[in-house]
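S.K.: Let me begin by handing over the structure; questions about it come next.
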Amino acid sequence: MGEILALAQSATEPGWGTRYGDAVSERFAAYVALEDEANAAP
Numbered sequence: 000m001g002e003i004l005a006l007a008q009s010a011t012e013p014g015w016g017t018r019y020g021d022a023v024s025e026r027f028a029a030y031v032a033l034e035d036e037a038n039a040a041p
C-alpha cells in the first residue's frame with residue numbers, strides 16, 4: 000500500500016504531466032474501491 004501511495008504522490012510532482020498523474024490517480028482510486036469491497040465482504 001505504501002508503494003502505491005508513493006507512486007500516486009510522485010506522479011503529482013511537477014514535470015510528470017497531468018495525463019500520467021490522472022491515470023495513476025484513477026488506478027489508485029480503483030484499488031481503494033477494491034480494498035473497501037474486500038473489507039466489506041463477510
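In this text, residue positions in the sequence shown follow numbering that gives the first Met the number 0: the first is 0, and each later residue adds one. Virtual Cβ for every residue (Gly too), placed ideally from N, Cα, C.
(1) Whole angstroms are fine: how far does the CA of Arg26 sit from the CA of Leu33?
(2) Roughly how many whole angstroms lie between the Cα atoms of Asp21 and Ala28?
(3) Compute the Euclidean distance between the alpha carbons of Val31 and Ala40, then round it to the nearest angstrom.
(4) How many angstroms separate the CA atom of Ala37 from the CA atom of Tyr19?
M.R.: Once the coordinates are examined:
(1) Translated into positions along the sequence shown, residue 33 becomes position 34. Translated into positions along the sequence shown, residue 26 becomes position 27. Taking the straight line joining both Cα atoms gives about 11 Å.
(2) Numbered from its first residue, the sequence shown carries residue 21 at position 22. Numbered from its first residue, the sequence shown carries residue 28 at position 29. For Asp21 and Ala28, the distance between alpha carbons rounds to 10 Å.
(3) As a first step, residue 31 is located in the sequence shown; it is residue number 32 there, counting from the start. As a first step, residue 40 is located in the sequence shown; it is residue number 41 there, counting from the start. Rounded to the nearest whole angstrom, the CA to CA distance from Val31 to Ala40 is 14 Å.
(4) The residue given as residue 37 occupies position 38 in the sequence shown. The residue given as residue 19 occupies position 20 in the sequence shown. Going by the C-alpha atoms only, they are around 27 Å apart.
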